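Report on one structure; see the data block that follows.
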Amino acid sequence: MKKDDFSPDLYFRELYESSPAPFFGSDDVKKTAEDIKIRAKEIFALDKIPEKTEKLSPKELFSEKRKSYEIKALSVEICRSWNMLCYLLIPEKKNGSGVVAVPGHGYGVRQIIRQAENGKYRKINFLDNYQKNFAEKLAERGNTVIAFEPVAFGKARLKKDSKKPFYISSCETVSMHSLMYGFTTASLRIYQAQRCIDILEKEGVDSVGIMGISGGGLVSLYTSLIDDRIEKTVVSGYVNSFRDSVLSMWHCTDNYIPSILTVGDMSDFAAALVPKKLLIECGERDKLFPLKASLEAIKKIEEVYERAGVKENFTYDIHHGRHEVSGRLSFDFF
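In terms of the working numbering, the sequence shown is residues 9 to 342.
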């Protein structure tokens, strides 16, 4: 008698392989991209986030003059009873571009602006510098940069987690609370990024871009897809396939978006940015988002951009590193 197998492994594997249908099989690339964009707005459900603050009134907490730019810490109410911490990096010699900088997992926004916990400039980042201080690097090149503290990271953790080691996030609890209201941690962070764009526009920038690494790459990708104000996008250490990354090993709860696989895979969402300028960074030794699947995703995205007649708007940087920012192309991308 054959032993019964009650494991759902095969069920989920076949489910992934059969769904979703390949969106970009259509000849009408732009219509397909618009369809995915509409579905993305439904999935991230920003309209379900309650008590949004319409008119922003940033409060300056402190400012500091650095070598080639000024940094200002701002507190901004973005929802009733919820203030966002963000840092505005204003270069001495502006190039007209504004960039939203989104940190990945770690100890929060301080990790990309060279800032110690006491607010002072940190010459050397400790623990893990996989994010390469990229917000500062962009400001040094003339970009007006706004870097925000993503909800559940750093100073935006829940109070019960605030006394825990600085690298412990509140992602799981925030995700559970958000899901009960019909949105996700990613939804909240996308909303934060959009409010940062509002602030950049008040700074009088000529164009808006966004850059993020890892979980910040997730936010950068989907914010750019949803918000037409963004012209250039850098996604570092994220573009892959759901199967080979977040569904094949442990990843933080904030990576999981209900219904997203009913629309497409990561490559479909990235390709739907067409005709926007898009740069993807991948590390050859990245174990969280394995290179093979990233290369397969890049090939699909490249084909879509070529079919849309804007092949020159898509580029990628396969660097020798691990799960980290490269900067070889991205720091001068905007």
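We put the beta carbon where it would ideally sit given N, CA and C, even for glycine.
These numbers come from a predicted model, not from an experiment.
Are residue i and residue j touching if we call contact CB-CB under 9 Å?
| i | j | result |
| --- | --- | --- |
| residue 227 | residue 154 | no |
| residue 322 | residue 310 | yes |
| residue 331 | residue 245 | yes |
| residue 318 | residue 283 | yes |
| residue 203 | residue 84 | yes |
| residue 79 | residue 271 | no |
| residue 199 | residue 161 | no |
| residue 197 | residue 262 | yes |
| residue 275 | residue 306 | yes |
| residue 158 | residue 223 | yes |
| residue 152 | residue 98 | yes |
| residue 92 | residue 156 | yes |
| residue 106 | residue 216 | yes |
| residue 81 | residue 68 | yes |
| residue 89 | residue 59 | yes |
| residue 150 | residue 72 | no |
| residue 190 | residue 56 | yes |
What residues in its chain sit with their C-beta under 6 Å from that of residue i, if we drop five residues either side in the sequence?
| i | result |
| --- | --- |
| residue 301 | 248, 249 and 252 |
| residue 285 | 240 and 321 |
| residue 148 | 76 |
| residue 333 | 139, 140, 142, 221 and 244 |
| residue 324 | 288 and 306 |
| residue 121 | 95, 143, 144 and 155 |
| residue 124 | 130 |
| residue 163 | 93 and 157 |
| residue 70 | 81 |
| residue 308 | 275 |
| residue 225 | 243, 244, 245 and 246 |
Does chain C have any CB closer than 9 Å to the CB of residue i?
| i | result |
| --- | --- |
| residue 157 | Looking for chain C here will not work: only one protein chain is present. |
Spell out the partners DSSP gives residue i in its beta bridges.
| i | result |
| --- | --- |
| residue 99 | 77 |
| residue 326 | 290 |
| residue 129 | 123 |
| residue 240 | 217 and 285 |
| residue 70 | 81 |
| residue 108 | 154 and 218 |
| residue 337 | Answer is none; residue 337 lacks a bridge partner. |
| residue 87 | 60 and 90 |
If I'm right that residue i touches residue j with Cβ under 8 Å, what's the distance once you round it to whole angstroms?
| i | j | result |
| --- | --- | --- |
| residue 221 | residue 335 | At roughly 10 Å, the Cβ-Cβ gap does not stay under 8 Å, so residue 221 and residue 335 are not in contact. |
| residue 218 | residue 110 | 7 Å |
| residue 342 | residue 146 | 7 Å |
Ignore the nearest five residues each way along the sequence and tell me which others in residue i's own chain have a CB closer than 8 Å to its CB.
| i | result |
| --- | --- |
| residue 367 | The structure shown does not extend to residue 367, since the chain is modelled only from 9 to 342, so the question has no answer here. |
| residue 186 | 192, 193, 195 and 196 |
| residue 24 | 250, 251, 255 and 269 |
| residue 292 | 299, 326, 327, 328 and 329 |
| residue 65 | 84 and 85 |
| residue 27 | 269 and 270 |
| residue 236 | none |
| residue 340 | 149 |
| residue 169 | 176, 177, 178 and 181 |
Within a Cβ cutoff of 7 Å, which residues of the same chain sit near residue i, ignoring the five residues on either side of it in sequence?
| i | result |
| --- | --- |
| residue 44 | 31, 271, 272, 276, 277 and 280 |
| residue 315 | 37 |
| residue 213 | 104, 105, 106 and 152 |
| residue 49 | 234 |
| residue 265 | 51, 192 and 194 |
| residue 47 | 271 |
| residue 33 | none |
| residue 313 | 282, 319, 321 and 322 |
| residue 102 | 150 and 152 |
| residue 9 | Here the model assigns residue 9 a pLDDT of 46, short of 50, so the residue's position is not dependable and the matter cannot be decided. |
| residue 267 | 51 |
With contact counted as at least three CB pairs below 8 Å, one residue from each stretch, are the segment 180-190 and the segment 140-149 in contact? no
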